[in-house]
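Reading through the structure tokens given below for one structure.
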Amino acid sequence: MPPSALPGLVLRLRPLGESDLMLDVFTEPMGRLTAVAKGGKRSKQRFFGVLLETHLLEMNLEPTKSPDLWRLASAKVMASHVGLRQDYRRLLAAGPVLELLLRATPVQSPQSGALELALAVLARLETGDTPAELGAGLAVFLVRLLDRLGYGLNLDACLHCGRPLEQMKSARLSLGGGLVCPSCPPGHRDHQAPPGLVKFLAAARDLEPQALSRLRLPAGQAPLALGFLADFWREVVGHDLPSLGLALRSLRVSGSPSGR
Ligand SMILES: [Zn+2]
Numbered sequence: 003m004p005p006s007a008l009p010g011l012v013l014r015l016r017p018l019g020e021s022d023l024m025l026d027v028f029t030e031p032m033g034r035l036t037a038v039a040k041g042g043k044r045s046k047q048r049f050f051g052v053l054l055e056t057h058l059l060e061m062n063l064e065p066t067k068s069p070d071l072w073r074l075a076s077a078k079v080m081a082s083h084v085g086l087r088q089d090y091r092r093l094l095a096a097g098p099v100l101e102l103l104l105r106a107t108p109v110q111s112p113q114s115g116a117l118e119l120a121l122a123v124l125a126r127l128e129t130g131d132t133p134a135e136l137g138a139g140l141a142v143f144l145v146r147l148l149d150r151l152g153y154g155l156n157l158d159a160c161l162h163c164g165r166p167l168e169q170m171k172s173a174r175l176s177l178g179g180g181l182v183c184p185s186c187p188p189g190h191r192d193h194q195a196p197p198g199l200v201k202f203l204a205a206a207r208d209l210e211p212q213a214l215s216r217l218r219l220p221a222g223q224a225p226l227a228l229g230f231l232a233d234f235w236r237e238v239v240g241h242d243l244p245s246l247g248l249a250l251r252s253l254r255v256s257g258s259p260s261g262r
């Protein structure tokens, strides 16, 4: 039985029949779960203005006949992340946060720290004003969630021969999940890994959560970072991630030199 007043981030809403809504939400103690909101589609009902993607809700859930489906008995908004809706670039940058929690986390399985991470990143994105800032916020999420889900990048030594980073003149990032040294054979899908980018990725993986909101990418490296992370995430989940493609295009198009 879920705790009462359970905080949950709304990932997706789908209509169900004439008047109901299905919600996918992400919670700390239960991970991702699905609930039905009776009458959620009608306006002027108790859920009016409450059920919206990116809203953090305080929810009271009741069981249904199915163990995988809950009934949303009541909900109120704890954080609306309204800043995301004031600038389409922010909304596009936040898209992958919702999509990855929806598609890459298992149903009803707690993922320690993932909700806290998502909320910290959404708070950063909803005030972000430059492509560099939005790109850094999204990149932090992409690196850290990989780590949380057990796909953490190996950034300390060559994936193939074990040569430590300090002994590499240069490095590449491999879709195998980390660094490859110049002596090992290149893969055709390797990405560039300038030293500043490797440092950023390691910091995003290792820093205390409170310090992540100040972590910046070296100037001009947001496209490199996001390009690699998007390719690696597609590898991990095994299919395309439409919201990630949209976010990248939005940040790249407007991410020219003036972006920093
Ligand atoms: Zn090597």
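Numbering (the working numbering), first residue to last: 3 to 262.
By construction, the Cβ of each residue, glycine as well, lies at the ideal position given by its N, Cα and C atoms.
Cutting at 8 Å between CB atoms, please list the residues of its own chain near residue i, excluding the five before and the five after it.
i	result
N156	G179, G180, L181
P196	P220, Q223, L226
V38	L18, D22, L23, M24, L25, T66, L71, W72, R73, L74
Regarding residue i and ligand 1, is the C-beta to nearest heavy atom distance less than 7 Å?
i	result
H193	no
R236	no
H83	no
S185	yes
H162	yes
V200	no
R174	no
R92	no
V145	no
V12	no
V182	yes
R34	no
R165	yes
DSSP three-state label for residue i, please.
i	result
S176	strand
G247	helix
D26	strand
R44	coil
P5	coil
R207	helix
G240	coil
A221	coil
G33	strand
R16	strand
P197	helix
P166	strand
R262	Note that R262 has pLDDT 34, beneath the 50 cutoff, so the model's placement of it is unreliable and no number is given.
L157	coil
L11	strand
L277	Lying before the first or after the last residue shown, residue 277 is absent from the chain, which here runs from 3 to 262.
Could you check if residue i is buried or exposed, using at least 16 other CB atoms within 10 Å of its CB as the buried criterion?
i	result
P259	The pLDDT assigned to P259 is 43, lower than 50, so where the model puts this residue is not dependable; a value taken from the coordinates is nonetheless given after this. Per the 10 Å Cβ criterion, exposed.
G97	buried
M170	buried
H83	buried
S252	buried
A106	buried
C160	buried
F49	buried
A213	exposed
Apart from the five residues on each side of it in sequence, which residues of its chain come closer than 7 Å, Cβ to Cβ, to residue i?
i	result
L147	L102, A116, L119
P184	M170, K171, S172
L136	R91, R92, A95, L127, G130, L253
Hey, is residue i close to ligand 2, as in C-beta under 7 Å from one of its heavy atoms?
i	result
R126	Ligands displayed in this structure: ligand 1; ligand 2 is not among them.
Only counting the same chain, and skipping five residues up and downstream in sequence, which positions put a Cβ closer than 6 Å to that of residue i?
i	result
F234	L177
A1	In the structure displayed, the chain extends from 3 to 262; residue 1 sits before or after that span and is not available.
C163	C186
Problem - Start-end ranges of the beta strand (DSSP E) lying completely within the region 49 to 89, minimum 3 residues - result: 58 to 65, 71 to 81
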